[in-house]
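Written out below as structure tokens is the structure these notes cover.
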Amino acid sequence: MIIVKIGGNILDSPERLQLFLADFAALPGPKLLVHGGGKIASAFGQRLGITPKMVEGRRITDAETLELVTMVYGGLVNKQVVAKLQALGCNAIGLTGADGNIIPAQKRPVKTIDYGFVGDVSGPESINVPALEAMIEAGLTPVFAPLTHDTQGNMLNTNADTIASVLATALATKYKVQLMYCFEKKGVLQNAEDEESVIPHITAEKYKTLKEEGVVSAGMVPKLDNAFAALAQGVHAVQIGDAAAIAQMAAGGGQAGTLITL
964 MIIVKIGGNI LDSPERLQLF LADFAALPGP KLLVHGGGKI ASAFGQRLGI TPKMVEGRRI
1024 TDAETLELVT MVYGGLVNKQ VVAKLQALGC NAIGLTGADG NIIPAQKRPV KTIDYGFVGD
1084 VSGPESINVP ALEAMIEAGL TPVFAPLTHD TQGNMLNTNA DTIASVLATA LATKYKVQLM
1144 YCFEKKGVLQ NAEDEESVIP HITAEKYKTL KEEGVVSAGM VPKLDNAFAA LAQGVHAVQI
1204 GDAAAIAQMA AGGGQAGTLI TL
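All you need for our numbering is the position in the sequence shown, starting with 1, plus 963.
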């Protein structure tokens, strides 16, 4: 099965979102979608007089912001995506981590920064795999908003990349899982200034060399760290690329973007 994570570069454009969802719906076999929605939440927050609070690029989720992201991520964005997939013949079901107790999490402890109602998932062992498997085997396509819960009645804002990774590792015990991170670049680039310099394949050994040479740095490092952590826990392969990579896969054209393997 394939698990795809999409972010704001797709969600923020109705045209790009429609094209992506058509390609996602055309993917054969079981599949699962995880979405973000940060810019949409910020825009709605401004309309409601809620100013985003960011520290080091991360959203601080106070009680007011938690209400906002629950409404926008779990409501507006999630249900719009589900409705569009239904129109494309993909029988999707919109979920948060609270539904079916699929993704329980813990509120992030306060250290130097209090992130508020932000959730950390302990690991794949905490995922309710039987509930998720029952939906998949029933022919449903789960669509997850980036929300979990603390089992004490509180929703928690949780990183969508993390949710995709932990779901992939949990489901790897039942399926041959391929994890796809869809973002604005065509893949991991050899030269950050050259959009066409996609590195087609990265192994653990090559990753070490790329970091030493400074080819991979900054925001790409945590993405690749998450990719190799998922591979180490049983995920078959991880792919990083743009929406065109999904289109190529849906058309039967095989791998696009950057393939990550051990």
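Backbone N, C-alpha and C fix where the C-beta goes; we use that ideal spot for every residue, glycine too. Quick caveat: nothing in here was measured; it's all calculated off a predicted structure.
For residue i, the first and last residue of its enclosing beta strand (DSSP E)
{"i": "A1200", "result": "1200 to 1204"}
{"i": "I969", "result": "965 to 969"}
{"i": "I1056", "result": "1055 to 1058"}
{"i": "T1104", "result": "1104 to 1107"}
{"i": "K1111", "result": "First, the residue type needs correcting, since residue 1111 is Thr and not Lys in the sequence shown. 1110 to 1112 is the span of the beta strand (DSSP E), which, as asked, contains T1111."}
{"i": "L980", "result": "From DSSP, L980 is part of no beta strand (DSSP E) but of the alpha helix (DSSP H) over 977 to 989."}
{"i": "L1031", "result": "Counting along the chain, L1031 falls outside any beta strand (DSSP E), though it belongs to the alpha helix (DSSP H) covering 1026 to 1034."}
{"i": "T1014", "result": "Segment: none, T1014 is in no beta strand (DSSP E) and carries neither H nor E."}
{"i": "V997", "result": "994 to 998"}
{"i": "T1221", "result": "1221 to 1223"}
Residue i versus the options, residue with shortest Cα-Cα distance
{"i": "N1054", "options": "G1102, I1003, E1019, Y1078", "result": "G1102"}
{"i": "H1199", "options": "M1183, A1133, V1035", "result": "A1133"}
{"i": "V1201", "options": "V1129, A1046, E978", "result": "V1129"}
{"i": "A1213", "options": "P993, G971, L1152", "result": "P993"}
{"i": "A1131", "options": "I973, A1192, Q981", "result": "A1192"}
{"i": "P1109", "options": "E1096, G1116, Q1153, P1067", "result": "P1067"}
{"i": "N1189", "options": "K1174, I1223, G1204, V1161", "result": "I1223"}
{"i": "L1112", "options": "K1042, M1183, D1062, A1207", "result": "Reading the sequence as shown, one finds His at residue 1112 and not Leu. Checking every option, the nearest Cα to that of H1112 belongs to D1062."}
{"i": "K1137", "options": "Q1115, A1097, F1107", "result": "A1097"}
{"i": "L984", "options": "L1051, G1215, N1041, I1013", "result": "L1051"}
{"i": "G1000", "options": "R1071, A1206, L1039", "result": "L1039"}
{"i": "M964", "options": "P1087, R1022, I1099, I1165", "result": "I1099"}
{"i": "M1183", "options": "K1149, L980, V1092, A1207", "result": "K1149"}
{"i": "I973", "options": "A1219, T1221, I1209", "result": "I1209"}
{"i": "I1165", "options": "G1197, G1079, P991, L1187", "result": "L1187"}
{"i": "P1163", "options": "G970, T1221, F987", "result": "T1221"}
{"i": "L1031", "options": "V1044, G1008, E1019, A1135", "result": "G1008"}
Where residue i falls, given that 16 or more other Cβ within 10 Å makes a residue buried
{"i": "K1242", "result": "The requested residue 1242 is not part of the displayed model; the chain covers only 964 to 1225."}
{"i": "H998", "result": "buried"}
{"i": "N1064", "result": "exposed"}
{"i": "D1157", "result": "exposed"}
{"i": "M1017", "result": "exposed"}
{"i": "R1010", "result": "exposed"}
{"i": "K1171", "result": "exposed"}
{"i": "K1047", "result": "buried"}
{"i": "L1225", "result": "exposed"}
{"i": "R1022", "result": "buried"}
{"i": "Q1141", "result": "buried"}
{"i": "N1084", "result": "Checking the sequence shown, residue 1084 turns out to be Val, not Asn. Flag for V1084 reads buried."}
Terminal residues of the alpha helix (DSSP H) in which residue i lies
{"i": "P1093", "result": "1092 to 1100"}
{"i": "V1045", "result": "1041 to 1050"}
{"i": "I1003", "result": "1001 to 1010"}
Rounded Cβ spacing between residue i and residue j (contact assumed at less than 8 angstroms)
{"i": "L1036", "j": "A1004", "result": "It should be pointed out that residue 1036 corresponds to Tyr in this sequence rather than to Leu. Going by Cβ atoms, the distance from Y1036 to A1004 rounds to 7 angstroms, so yes, they are a contact pair."}
{"i": "D975", "j": "K1002", "result": "5 angstroms"}
{"i": "K1042", "j": "G1060", "result": "With 8 angstroms as the limit, K1042 and G1060 do not qualify as a contact, their Cβ atoms being about 16 angstroms apart."}
{"i": "L1152", "j": "V1161", "result": "6 angstroms"}
Could you pull out every unbroken beta strand (DSSP E) segment of at least 3 residues lying fully inside the region 1117 to 1193, listed in chain order?
1118 to 1120, 1141 to 1145
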